[in-house]
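The structure appears below as structure tokens.
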Amino acid sequence: MSAPMLEIDRLSVGFPDTQRVLVDELSLAIEAGSATALVGESGSGKTLSMLAVMGLLPPGIGVLGGEARLEGVDLLALPPRARRRLNGSRIALIPQDAMAALNPTLDVQTQFELVLRTHERLGGAAAKARTVELLDQVGIPSAASRLRSYPHEFSGGQRQRVMIALALSCRPELLIADEPTTALDVTIQQQILDLVARPREELDMTVLWITHDLGVVAGLADRVAVLRHGRMVESGTAEQIFFRPEQPYTRQLLAATPTLFDAEPGTEAQP
1 MSAPMLEIDR
11 LSVGFPDTQR
21 VLVDELSLAI
31 EAGSATALVG
41 ESGSGKTLSM
51 LAVMGLLPPG
61 IGVLGGEARL
71 EGVDLLALPP
81 RARRRLNGSR
91 IALIPQDAMA
101 ALNPTLDVQT
111 QFELVLRTHE
121 RLGGAAAKAR
131 TVELLDQVGI
141 PSAASRLRSY
151 PHEFSGGQRQ
161 RVMIALALSC
171 RPELLIADEP
181 TTALDVTIQQ
191 QILDLVARPR
201 EELDMTVLWI
211 THDLGVVAGL
221 ADRVAVLRHG
231 RMVESGTAEQ
241 IFFRPEQPYT
251 RQLLAATPTL
261 FDAEPGTEAQ
271 P
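Residue numbers for the sequence shown follow UniProt numbering, beginning at 1 and rising by one.
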């Protein structure tokens, strides 16, 4: 078996001043081209773990121990400049709240140009054309006419589409989707999930889903890891977790999504 693309080894995250632990020795291996789901209720440490991997932890919270290696490179040891080059190019994040992630003072074209100039060395007409292409791909109507629009001028679903396009703009190897359907209308949720899942097939991209809802990733993930109170409680193939869970907590999560049990092993569960 080849080495994992991303290997997290005994990662601990918390408050350095008090040594209070929020994520406790998380270990997770993600294979290239796979789709892995990190699942658990709010506060279980899912998002903090991935923010630690990307070097984006909020002030006051830090890495207390462990390693995170991307194809052998220890991400946690990278200097800030190398980290900035990597984030957005090789690793990209779709955050929960697109309105908070997008800069409210800059129009869409400017925000894309900043990313494309930094990582792709594109500017001017080339960056503009690439932005229109990306917005078209995620279904923004009349994309060319929306380049000078600001985030607040888009609907919630459209902002999330813009955020997905921005994350995909440099064709990252690893795409982290953190609750990408949070606060969206149920009629929009499946469209957003499809937009995130599609690049895996088209670009052979590795996808890491972060969610509190096992139903969201049913049919989308190859492997599932379940977190509770910052600790891994169970991991395995999607079929193992959905149909043969070992831990009571995992069974509780499954019970919160009763439609999962309508599917039989070997059939595709629907989100």
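Glycine included, every Cβ here is placed at the ideal spot set by N, Cα and C.
Contact set for residue i: own chain, Cβ-Cβ below 7 Å, skip 5 residues either direction
| i | result |
| --- | --- |
| E268 | Because E268 sits at a pLDDT of 39, beneath the cut-off of 50, its placement in the model cannot be relied upon, and the following sentence gives the value as read from the coordinates. For E268, where only same-chain residues beyond five positions count, the Cβ hits under 7 Å are G219. |
| Q96 | D178, E179, T182 |
| L76 | V63, E67, A68 |
| H152 | P104 |
| E264 | Reliability fails at E264, whose pLDDT of 45 lies under 50, so the model's placement of it is uncertain and no value is given. |
| P4 | A29, I30, E31 |
| F261 | Its pLDDT being 42, under 50, F261 is placed unreliably in this model, and the value from its coordinates should be taken loosely. For F261, where only same-chain residues beyond five positions count, there are no Cβ hits under 7 Å. |
| L203 | R171 |
| R83 | G55 |
Beta bridge counterpart(s) of residue i as assigned by DSSP
| i | result |
| --- | --- |
| M232 | L227 |
| V207 | A35, L175 |
| I8 | L28, A68 |
| R20 | F15 |
| T250 | BP columns for T250 are empty, so no partner. |
| T237 | R223 |
Residue i classed as buried or exposed, judged by whether at least 16 other C-beta atoms fall within 10 angstroms
| i | result |
| --- | --- |
| residue 300 | The requested residue 300 is not part of the displayed model; the chain covers only 1 to 271. |
| G72 | exposed |
| H119 | buried |
| N87 | buried |
| R121 | exposed |
| E113 | buried |
| Q111 | buried |
| R148 | exposed |
| V196 | buried |
| S145 | exposed |
| P245 | buried |
| A238 | buried |
Nearest-angstrom beta carbon gap, residue j and residue i [assumed within contact, 8 Å]
| i | j | result |
| --- | --- | --- |
| I61 | G14 | 7 Å |
| G157 | L184 | 6 Å |
| A221 | A35 | 5 Å |
| L174 | P199 | Actually they do not touch by this definition, with Cβ atoms about 11 Å apart. |
| A165 | V138 | 5 Å |
| G230 | D24 | 5 Å |
| A126 | D136 | With a Cβ gap of about 16 Å, A126 and D136 do not count as contacting. |
| I210 | L38 | 5 Å |
| L78 | S49 | In fact, because the Cβ distance is near 17 Å, the residues do not count as touching under 8 Å. |
| I188 | V162 | In fact, because the Cβ distance is near 13 Å, the residues do not count as touching under 8 Å. |
| L253 | F242 | Going by Cβ atoms, the distance from L253 to F242 rounds to 10 Å, so no, they are not a contact pair. |
| D107 | Y150 | 5 Å |
Sequence-distant residues of the same chain with beta carbon closer than 8 Å to residue i, five excluded per side
| i | result |
| --- | --- |
| S42 | H212 |
| R228 | G40, E41, S44, Y249 |
| C170 | G88, S89, A92, V115, L116, H119, E120 |
| P80 | G55 |
Cβ neighbours of residue i in the same chain (closer than 6 Å, five flanking residues each side left out)
| i | result |
| --- | --- |
| Q160 | A98, I192 |
| A52 | V13, V63 |
| V207 | A35, L175, R200 |
| R20 | G14 |
Neighbour flag for residue i against chain B, beta carbons, 7 Å
| i | result |
| --- | --- |
| A32 | Protein chains in the displayed structure number just one, and chain B is not present. |
task = Please go through the segment 135-185 and give each complete beta strand (DSSP E) segment of 3 or more residues, from N-terminal end onward.
result = 174-178
inquiry  = Which complete alpha helix (DSSP H) runs does the segment 23-106 hold, if anything under 4 residues is left out?
reply    = Listed in chain order, the complete alpha helix (DSSP H) runs (minimum 4 residues) inside the segment 23-106 are 46-54, 80-86, 98-101.
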